[in-house]
Amino acid sequence: MTHSESRLPGRPDERAAARRRPSEPGGCADLLMGLLLVVAEGALGALLALWLGLRGLARSRGAAEGKASAPPPADPGTDWTPVVVLVVLTLLVACVAVELLRSGWYWSGGTQVVVALALGVTVLASAVQGSGREAPEPAPTWNSPACRSGGGNDECAHSGG
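Position 31 (the sequence shown) corresponds to 194 in our numbering; numbering is contiguous.
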């Protein structure tokens, strides 16, 4: 029996190697891909945060200077744009995680699942904080009379004068 006869095609080890998909990672490529994706998502998150910060600054400055084309509403309510941006980013990361896991990139997909979960918690916290804001209490309309005893208004406010 020669060496070439021991490697006949169709042996179990060769069939398993032939079935391996070419998209599966080899070596430490899986870990490096996960690290690269986390860094890229961090950079994208920083750019989005910068854009949202500048957008908020422009809105507050425009309202303060009165340069808005239309008068602002009496109760502007909650600005949901940052929450929507976080939801879109979370869904993007979750889709990438699913594709990586389906392709056999388990470490990269796992890190994307962790990032998607962290972003999901951030979205929920932002939504709860944004919807939990209450309108400020209106200023009192009744002014107490001046204190006749010579003390401060706080001293005489509840005594009736």
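Where a beta carbon is used, it is the ideal one built from N, C-alpha and C, also for glycine. Keep in mind the model is a prediction, meaning the values are calculated, not measured.
Using a 10 Å radius around the Cβ and a threshold of 16 neighbouring Cβ atoms, would you call G324 buried or exposed?
Because the pLDDT at G324 is just 48, under 50, the model does not fix this residue reliably, and the value given afterwards should be weighed accordingly. Exposed: under 16 other Cβ atoms inside 10 Å.
Quick check on DSSP: helix, strand or coil for T241?
coil
Taking 7 Å as the limit between beta carbons, can you name the residues of its chain near V256, skipping five residues before and five after?
E204, Q275, V278, A279 and L282
Per-residue DSSP class, three states only, for G267
coil
Beta-carbon separation of V248 and L211 under 7 Å?
yes
What do you get for D242, buried or exposed, if any count of 16 or more other CB atoms within 10 angstroms of its CB means buried?
exposed
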